[in-house]
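A quick write-up on the structure given underneath.
Residue numbers (this note's numbering): 2 to 441.
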């Protein structure tokens, strides 16, 4: 029987997916599930929903709750796997700060959880919490695997992989839905079955480097032809930035256009406001989602309770499959976020990269990809620069590294002067107050 600890279990919808997946696995369903959170109400609601689901699926699992920092070690003690899905500072106040302070400087964002000034600040308030998790894990579950789902993925996973002794893999569902979503958008559903692909790069900007049909025929020429037709038609659709990547850089990438529109200097520009409409870019998308989710959760919770029986169908999230493979010894392939160390030849060794990985009873085995196309590596590097400097700021406590990360951020640096960037960072640090450590 495995012990699976879920950090941030008050995130009921996501906890339900991951733990529900485990309860659907014959290998994992009799596990002990330790739910940890610092929000009593959300933790209690989550426990209630998950226990009801457990009973519907046979009642094989044992579910326990651990509230607050004082119970964190017990939640982790003896764990085989630790799933991390936390939001330090919540929507209110910290996400609001991440969006509203930059707006005063004319800097707009869409998601703000991976790169940009929003991603930088989110990493700076989350890394100290992960450092606490790591110290506890090294003491009470030193052999556990840390499955990180929290953004900014590359910064947080990279920190854990470089500066702690915890075995860490970063996970994102954008890999497994990438080529399927592309082919469906282009009316190429007949190419889905038996397709072969290679995805590598960094989280949220992993490149679909190769896509072949079941007979080994390269699908990119037809993809590019259809993309050109789509743009020539003058129509607008929700994934235009990634399709523009195909036009400009030759390859599609893993994460959505609302994310990728803010990872570069091209699409969100105060000097060219028409681009927002031209590429259907949803500014302030993440705050909007937060408001809707908060407003909708209580009704969803009441509906789930009233239903009496809460079932689950196994999702495509990697977590349960990784745990199942490690426990049973069977082999499973994922796209995982790991320390580079030469896996991608033309990206830095200390970058956190997203590459194909094999999982089995012996552990995790990332595959060597070789060189990315030079333009893809160059795009990744503009993001990696920010990631490495943000980690450096968190580890050293030096404010200069925060300034430098923001200056080198492709979107921020293209919109603001250096003096504006420094002033904005100072305002953000002040607005965060005790949510951030002190920098020198």
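Glycine included, every Cβ here is placed at the ideal spot set by N, Cα and C.
Neighbourhood of residue 246 by C-beta, 8 Å cutoff - its chain only, sequence neighbours within 5 removed
252, 253, 254, 261
Buried/exposed call for residue 208, threshold 16 Cβ in 10 Å
buried
Within 10 angstroms of its Cβ, does residue 279 collect 16 or more other Cβ (buried), or is it exposed?
exposed
Alpha carbon to alpha carbon, how far is residue 240 from residue 312?
33 Å
Of the choices 409, 382, 27, 19, whose alpha-carbon is the least far from that of residue 442?
What the structure shows of the chain is the stretch from 2 to 441, and residue 442 is not part of that stretch, so it cannot be assessed.
Own chain, CB closer than 6 Å to residue 115, minus 5 neighbours either side, in chain order:
152, 153, 205
Could you check where the beta strand (DSSP E) with residue 7 kicks off and where it finishes?
4-8
For a test of the three-state rule: what should DSSP assign to residue 238, helix, strand or coil?
coil
Report yes if the CB atom of residue 238 is closer than 9 Å to the CB atom of residue 14, and no otherwise.
no
To the nearest angstrom, how far is it from the Cα of residue 325 to the Cα of residue 148?
13 Å
Tell me whether residue 357 sits in a helix, a strand or coil according to DSSP, three-state version.
strand
Could you give the residue range of the alpha helix (DSSP H) that holds residue 128?
117-141
What are the boundary residues of the alpha helix (DSSP H) that residue 300 is part of?
286-308
Contact between the region 307-323 and the region 169-179 (3+ Cβ pairs under 8 Å):
yes
Answer yes or no: do residue 187 and residue 212 have a C-beta to C-beta separation smaller than 9 Å?
no
Between residue 389 and residue 352, what straight-line distance do the alpha-carbon atoms span, to the nearest angstrom?
7 Å
Between the CA atoms of residue 307 and residue 200 - distance to the nearest angstrom
43 Å
Could I get the ranges of all uninterrupted alpha helix (DSSP H) runs contained in the region 148-232, with 4 residues as the minimum, in chain order?
154-164, 179-186
Cross-strand partners of residue 388 (DSSP beta bridge)
Beta-bridge pairing links residue 388 to no other residue.
Name the two residues that bound the continuous alpha helix (DSSP H) containing residue 414.
411-416
Buried or exposed: where does residue 218 fall if 16 or more other Cβ atoms within 10 Å of its Cβ makes it buried?
exposed
When you compare only the Cα positions, how much space is there between residue 338 and residue 369?
13 Å
Can you tell me where the beta strand (DSSP E) holding residue 65 begins and where it ends?
63-68
If we require 3 or more residues per run, which beta strand (DSSP E) segments fall completely within the region 15-52?
33-38
Considering only C-alpha positions, which residue in the set 430, 414, 4 is nearest to residue 109?
414
Which one or two residues does DSSP pair with residue 436 in a beta bridge?
Bridge partners of residue 436: none, in fact.
Let's see if you can read the secondary structure: which residues bound the alpha helix (DSSP H) around residue 261?
258-261
Own chain, CB closer than 8 Å to residue 176, minus 5 neighbours either side, in chain order:
200, 207, 255, 335, 336, 355
Quick check: the Cα distance between residue 294 and residue 93, rounded to an integer number of angstroms?
13 Å
Hey, how far is the Cα of residue 195 from the Cα of residue 102?
48 Å
Are the Cβ atoms of residue 106 and residue 408 separated by less than 9 Å?
no
Alpha carbon to alpha carbon, how far is residue 347 from residue 372? Give it in angstroms, no decimals.
5 Å
Below 8 Å on the Cβ atoms is my contact criterion, and I expect residue 315 with residue 25 to pass it. Report the Cβ-Cβ distance as a whole number of Å.
4 Å
In the DSSP assignment, the beta strand (DSSP E) including residue 340 goes from what residue to what residue?
333-340
Residues bridged to residue 95 [DSSP beta-bridge criterion]:
In the DSSP output, where bridge partners are listed per residue, residue 95 has none listed.
Three-state secondary structure (DSSP) of residue 103:
helix
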